[in-house]
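Residue numbers (the UniProt record's numbering): 1 to 596.
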């Protein structure tokens with residue numbers, strides 16, 4: 001039985017919010033009810049026959065037909081393609097209201113030869129006359145669109161979660177595969193060259209050592225450099241993830257976590273003061289306005305208490321909550337208005353007062369309709385805002401996916417271009433210089449070759465451990481990072497440094513990797529391009545920046561110098577750099593890195 005009732009409610013809810021909401025049949029139903037409201041109001045106000053009042057209702061009905069057809073064709077049918085903004089709601093409502101008021105006013109004045117009352121015939125048709133419900137056709141269409149938007153919202157939320165999870169996993173998988181492929185390629189090649197170098201050391205063949213040096217240099221310059229540039233260029237590509245419009249078809253409960261009875265009560269009471277007040281003002285003067293305001297103030301706390309209790313205690317569906325809410329308003333409000341009307345009619349001088357029962361019922365109708373319409377408008381607005389926020393968040397995730405994909409390639413390109421390429425080129429240079437130096441003894445040469453083999457072996461180990469995250473807490477010091485840098489280039493170039501004490505206090509751990517990347521690039525360039533054998537590094541703090549002076553004793557700056565990927569990477573980190581020539585043929589790189 002309970003399931004049948006819930007299914008009935010669901011069918012009813014779908015019925016009133018579907019295509020029926022903008023159908024001619026719905027308009028006809030509401031018009032018949034509205035006609036009865038016009039008949040009762042005009043008959044009581046002007047004391048005319050039921051037949052004359054019926055003529056008035058038919059006249060109003062006929063004039064409303066073209067207005068409703070126009071709104072239906074021009075606005076309602078486009079609600080799926082165009083955003084239904086609030087000004088369209090009120091402009092459509094205003095058209096229907098003015099059509100109703102003008103039609104009734106003309107009929108009363110010209111046909112019945114009666115005066116037109118500002119209150120009951122201009123303001124009362126807003127809601128108490130069910131011709132006001134013609135506007136609900138539009139608002140129910142908004143209800144239908146709101147349901148679609150909530151479906152889209154749910155779909156966008158699911159897409160956001162699934163896309164984010166899958167994309168992050170995919171990026172990490174691609175990163176791992178790319179690194180694995182690079183590791184295998186470089187490891188196999190370098191391991192073979194290491195074996196050849198070991199054999200050449202034992203055979204003491206000068207030509208073989210020079211051949212290996214040339215091959216190492218060629219491998220560094222061509223293979224690794226080309227690979228790093230190719231990956232870096234790929235990270236700068238304009239390929240973008242296609243943004244799609246997410247249209248969900250999920251069945252979701254309307255106004256979930258949106259409906260608030262306090263809001264409905266607020267708008268209902270606002271209407272009572274404005275529309276109801278002017279109604280009474282036109283009928284009974286300022287005494288009527290004061291009478292209406294007094295009743296509204298008396299009813300306000302009762303309506304608010306009833307609505308709040310319903311909101312707090314009813315945990316069911318939105319339809320159930322709304323039904324209880326309306327019931328609470330009706331029961332509490334009718335008793336309050338009925339009692340207040342009896343009391344006030346004896347106090348205020350109201351020559352054109354409604355009967356207490358009529359006044360209570362008409363006012364409660366106003367409350368119900370004002371609550372419903374304002375709730376629809378507010379719910380629609382909030383749903384649209386939620387949908388826009390969710391789509392914005394989805395866009396942010398897509399931006400992250402794109403940027404992270406570029407970062408992965410940039411990260412790999414940076415490691416290839418800096419530490420690996422530079423060290424391999426340094427080994428090749430050291431081997432060539434060793435063989436060109438004919439004055440070294442055999443034992444000295446063997447010692448140097450063993451040292452080169454040891455360095456090449458450390459490069460192989462670094463390739464195997466490529467991109468692993470260092471979690472050793474002992475390494476969280478810039479000095480330890482510099483020791484790692486010196487160890488990496490040991491035997492190729494001598495590295496010394498001087499650190500101002502203020503650096504330790506101002507340089508955060510988050511900047512360590514950036515500093516290390518810059519230094520790797522600077523050392524690599526000094527060795528590969530300047531053939532430097534000694535590098536001095538100075539650290540200091542200057543006006544909120546870390547200032548690094550990297551001075552080498554190499555060949556200096558070439559006239560054909562062009563900034564490469566390494567310097568572009570340095571600039572991308574936020575650092576500013578410049579070069580100076582120094583006295584003993586070397587060059588000096590000045591880097592300023594923001595600390596904030």
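Glycine residues also receive a C-beta, built at the ideal position from the N, C-alpha and C atoms.
As the structure is a computational prediction, the values presented were derived from the model and not from experiment.
Classify residue i as buried or exposed, calling it buried when 16 or more other Cβ atoms lie within 10 Å of its own Cβ.
{"i": "residue 335", "result": "exposed"}
{"i": "residue 100", "result": "buried"}
{"i": "residue 257", "result": "The predicted model places residue 257 with a pLDDT of 41, which falls under 50 and marks its position as unreliable; any figure quoted below should be read in that light. Burial call: exposed."}
{"i": "residue 569", "result": "buried"}
{"i": "residue 238", "result": "Residue placement at residue 238 cannot be trusted, given a pLDDT of 46 that sits under 50; what the coordinates show is reported in the next sentence. Classification for residue 238: exposed."}
{"i": "residue 134", "result": "Residue placement at residue 134 is poorly supported in this model, since its pLDDT is 43, which falls under 50; the coordinates still yield a value, given next. Classification for residue 134: buried."}
{"i": "residue 552", "result": "buried"}
{"i": "residue 594", "result": "exposed"}
{"i": "residue 195", "result": "exposed"}
{"i": "residue 554", "result": "buried"}
{"i": "residue 102", "result": "exposed"}
{"i": "residue 576", "result": "exposed"}
{"i": "residue 42", "result": "buried"}
{"i": "residue 96", "result": "buried"}
{"i": "residue 482", "result": "buried"}
{"i": "residue 526", "result": "buried"}
{"i": "residue 579", "result": "exposed"}
{"i": "residue 488", "result": "buried"}
{"i": "residue 53", "result": "buried"}
{"i": "residue 305", "result": "exposed"}
{"i": "residue 39", "result": "buried"}
{"i": "residue 522", "result": "buried"}
{"i": "residue 571", "result": "exposed"}
{"i": "residue 51", "result": "exposed"}
For residue i, list the residues DSSP reports as bridge partners.
{"i": "residue 497", "result": "537"}
{"i": "residue 547", "result": "540, 592"}
{"i": "residue 579", "result": "589"}
{"i": "residue 552", "result": "535"}
Residue i lies in the alpha helix (DSSP H); which residues open and close that run?
{"i": "residue 519", "result": "512-528"}
Based on Cα-Cα distance, which residue from the options lies nearest to residue i?
{"i": "residue 533", "options": "524, 541, 540", "result": "524"}
{"i": "residue 289", "options": "71, 280, 43, 555", "result": "280"}
{"i": "residue 537", "options": "544, 61, 573, 485", "result": "485"}
{"i": "residue 490", "options": "44, 109, 457", "result": "457"}
{"i": "residue 451", "options": "483, 38, 492, 302", "result": "492"}
{"i": "residue 94", "options": "105, 67, 56", "result": "67"}
{"i": "residue 111", "options": "57, 350, 544", "result": "57"}
{"i": "residue 303", "options": "277, 269, 286", "result": "269"}
{"i": "residue 495", "options": "508, 511, 519, 478", "result": "519"}
{"i": "residue 108", "options": "44, 278, 530, 65", "result": "44"}
{"i": "residue 596", "options": "211, 506, 528, 97", "result": "506"}
{"i": "residue 114", "options": "198, 293, 46, 503", "result": "46"}
{"i": "residue 104", "options": "97, 60, 69", "result": "60"}
{"i": "residue 573", "options": "579, 592, 557, 580", "result": "592"}
{"i": "residue 541", "options": "338, 508, 296", "result": "508"}
{"i": "residue 63", "options": "528, 299, 98", "result": "98"}
{"i": "residue 65", "options": "32, 535, 106", "result": "32"}
{"i": "residue 273", "options": "349, 295, 287, 339", "result": "295"}
{"i": "residue 624", "options": "50, 211, 348", "result": "This structure does not reach residue 624, given that the chain is present from 1 up to 596, and the question cannot be answered."}
{"i": "residue 544", "options": "503, 535, 530", "result": "503"}
{"i": "residue 198", "options": "453, 49, 478", "result": "453"}
{"i": "residue 338", "options": "327, 299, 308", "result": "299"}
{"i": "residue 529", "options": "556, 213, 539", "result": "556"}
Decide yes or no for the touch test of the stretch 585-595 against the stretch 485-505: beta carbon pairs closer than 8 angstroms, at least 3 of them.
no
Looking at C-beta atoms only, is the number of pairs between the stretch 537-556 and the stretch 507-522 that lie closer than 8 angstroms three or more?
yes
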